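Colleague: Take a look at the following structure, please.
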Ligand SMILES: [Zn+2]
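Numbering (the numbering used here), first residue to last: 42 to 521.
The following block contains the structure:
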């Protein structure tokens with residue numbers, strides 16, 4: 042039987058976080074009343090002239106630079122013509138054969154293929170179409186509505202090379218791109234609201250064959266899970282089709298999350314011939330070198346670089362570095378904490394363990410957390426100085442999380458400081474030894490595993506407050 046390999050390329054659309062649209066002054070706020078953020082320009086009235094949004098250009102250039110693209114000093118806007126009810130102009134203003142940037146790449150970690158470089162063909166600028174809503178109100182279940190608030194919103198489209206070989210790789214690539222986009226702060230990354238979305242070109246070919254198979258373009262995927270499900274479904278569909286003697290036809294398919302299948306949207310016969318031609322109302326886009334160099338110096342430290350630095354500077358495992366740099370806020374929180382408590386791995390454990398767990402359980406953001414780096418550092422110092430045990434510290438941490446009080450104040454109020462005084466422990470240990478004479482005998486005949494039992498009894502008797510190290514040491518002496 043022929044073995045097939047999957048070939049995937051992604052087209053990511055990111056809506057840029059500008060205050061106004063790409064070619065007019067309309068606001069870009071999400072969720073406003075339909076058709077309240079429109080003007081003659083984005084509605085495509087006759088005689089109007091578009092004016093480019095400079096902020097959108099600088100955001101686009103930053104993205105392109107972050108993924109190693111070459112910036113073209115001169116690029117051209119083009120009209121991409123098609124008919125659809127959500128497109129009042131009858132065309133999108135996009136870029137075609139002369140985009141503003143090309144030839145980038147990013148690295149991803151794959152399952153089974155190690156570290157891989159995924160090529161980026163181009164990043165170009167375009168304006169968005171509107172939105173159709175179908176049967177939104179009970180009395181109008183059979184009607185469709187047009188909301189043009191999104192018409193003319195600034196987008197960048199990031200087109201990858203067909204370098205991915207599985208749904209997991211596609212998701213890893215998209216996640217890496219999203220991380221970069223969020224670090225740059227050029228898009229809010231909200232997939233649910235459609236600010237960040239992607240189409241996937243999926244095909245299969247016999248292993249060893251160089252020529253690409255016929256692809257299907259998958260649309261309508263607004264979560265990582267949907268992307269994975271849609272691609273996996275599509276690969277299975279194409280494989281079945283070819284193995285049963287059929288052929289894949291080039292078409293656009295929509296993913297239906299409810300049923301987990303992709304369905305044809307338009308067949309080749311109806312496929313758009315976009316009839317691209319240069320936009321006559323816009324001059325070529327000129328991006329001067331000085332602007333590029335200025336934006337390059339303004340780039341923040343990017344996710345990959347930050348991860349690498351965390352591994353080197355703090356001697357963290359790659360896993361920790363990945364978790365801690367998932368957002369710039371969390372990374373900054375970590376670094377602030379380490380400045381105050383110089384034990385990078387311990388700080389990492391507490392953030393990844395307790396802090397992230399409590400944030401998740403309470404559906405809170407890091408910015409809502411009452412555990413400041415100062416409060417975390419104070420708690421960790423109490424453990425280090427033997428004032429409280431690690432177990433008690435977890436309870437204290439929870440209380441800081443809900444009340445925002447200082448660790449030392451909580452420990453004092455609750456009387457839960459650790460007992461590190463041998464004199465105080467002596468009496469307790471003596472009583473446990475006296476009450477468990479048979480265990481003592483068995484311990485002395487070689488059942489040294491019983492040490493755990495004695496330590497446990499001591500911790501129980503002190504409600505977890507005894508210093509475990511000291512307890513073990515004292516018990517060893519008593520039982521010897
Ligand atoms: Zn407008």
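Don't be surprised by glycine CBs; every beta carbon is placed ideally from N, CA and C. Only a predicted model underlies this, so the values are computations on that prediction, with no experimental measurement involved.
Which residues have their C-beta within less than 6 Å of a heavy atom of ligand 1, listed in chain order?
Modeller: Listed by chain position, these are 62, 65, 67, 79, 80, 82, 83 and 193.
Colleague: Compute the distance between the beta-carbons of residue 271 and residue 166, then report whether it is under 8 Å.
Modeller: Not a contact, by the Cβ cut-off of 8 Å.
Colleague: So what does DSSP say about residue 220, is it helix, strand or coil?
Modeller: Three-state result, residue 220: helix.
Colleague: Do you know offhand how far residue 242's Cα is from residue 56's?
Modeller: Whole-angstrom Cα-Cα distance: 21 Å.
Colleague: Just the C-alpha distance for residue 205 and residue 374, rounded to the nearest angstrom, thanks.
Modeller: Looking at the two C-alpha atoms, the distance is approximately 34 Å.
Colleague: My output table needs one value for residue 471: the three-state DSSP class, helix, strand or coil.
Modeller: Helix at residue 471.
Colleague: Which partner residues of residue 144 appear in the DSSP bridge assignment?
Modeller: Per DSSP, none; premise fails for residue 144.
Colleague: Name the DSSP beta bridge partners of residue 259, please?
Modeller: According to DSSP, residue 259 bridges with 241 and 294.
Colleague: For residue 279, collect the residues of the same chain with a Cβ closer than 6 Å to its Cβ; drop the 5 residues on either side in sequence, then sort them by chain order.
Modeller: So the list reads 245 and 289, once near-sequence residues are dropped.
Colleague: Are residue 315 and residue 121 close, meaning C-beta to C-beta below 8 Å?
Modeller: Closer than 8 Å, so yes.
Colleague: Mapping the DSSP letters down to three states, classify residue 509 as helix, strand or coil.
Modeller: If DSSP states are grouped into helix, strand and coil, residue 509 belongs with the helices.
Colleague: Under the assumption that residue 402 contacts residue 448 (Cβ atoms under 8 Å), give the Cβ distance between them as a whole number of angstroms.
Modeller: Going by Cβ atoms, the distance from residue 402 to residue 448 rounds to 20 Å, so no, they are not a contact pair.
Colleague: Taking the alpha helix (DSSP H) that residue 39 belongs to, which residues open and close that run?
Modeller: Residue 39 lies beyond the range of the chain shown here (42 to 521); nothing can be said about it.
Colleague: Would you call the segment 80-89 and the segment 220-232 touching, i.e. three or more CB-CB distances under 8 Å?
Modeller: Because the criterion of three Cβ pairs below 8 Å is not met, the segment 80-89 and the segment 220-232 do not touch.
Colleague: Rounding to the nearest angstrom, what Cα-Cα distance links residue 33 and residue 458 in this structure?
Modeller: Beyond the ends of the chain as shown, which are 42 and 521, falls residue 33; an answer cannot be given.
Colleague: Would residue 201 pass as a contact of residue 51 if the rule is Cβ separation under 8 Å?
Modeller: Cβ atoms of residue 201 and residue 51: closer than 8 Å.
Colleague: Mind checking residue 506: buried by the 16 CB within 10 Å criterion, or exposed?
Modeller: Buried, because 16 or more other Cβ atoms sit within 10 Å of the Cβ of residue 506.
Colleague: With a threshold of 16 other CB atoms inside 10 Å of the CB of residue 123, please say whether the residue is buried or exposed.
Modeller: Answer is exposed; the Cβ neighbour count stays below 16.
Colleague: Excluding five sequence neighbours on each side, which residues of the same chain lie with their C-beta closer than 6 Å to the C-beta of residue 512?
Modeller: Here the set comprises 496 and 499.
Colleague: Assess, as a yes-or-no matter, whether the segment 346-360 is touched by the segment 125-144 under the definition of 3 or more beta carbon pairs within less than 8 Å.
Modeller: Counting Cβ pairs under 8 Å, fewer than three are found: no touch.
Colleague: Would DSSP call residue 315 helix, strand or coil?
Modeller: Correct three-state label for residue 315: coil.
Colleague: I believe residue 267 touches residue 296 by the beta-carbon criterion, under 8 Å. Please report the beta-carbon distance rounded to the nearest angstrom.
Modeller: Confirmed, about 6 Å.
Colleague: Below 8 Å on the Cβ atoms is my guess for residue 483 versus residue 520; work out the distance and round it to an integer in Å.
Modeller: Not quite, the Cβ-Cβ distance comes to about 10 Å (not below 8 Å), so this is no contact.
Colleague: Sort out for me which residues DSSP pairs residue 46 with in a bridge.
Modeller: In DSSP, residue 46 forms a bridge with 246.
Colleague: If you count every other CB in all the chains shown that lies within 10 Å of the CB of residue 62, and 16 or more means buried, which is it?
Modeller: Per the 10 Å Cβ criterion, buried.
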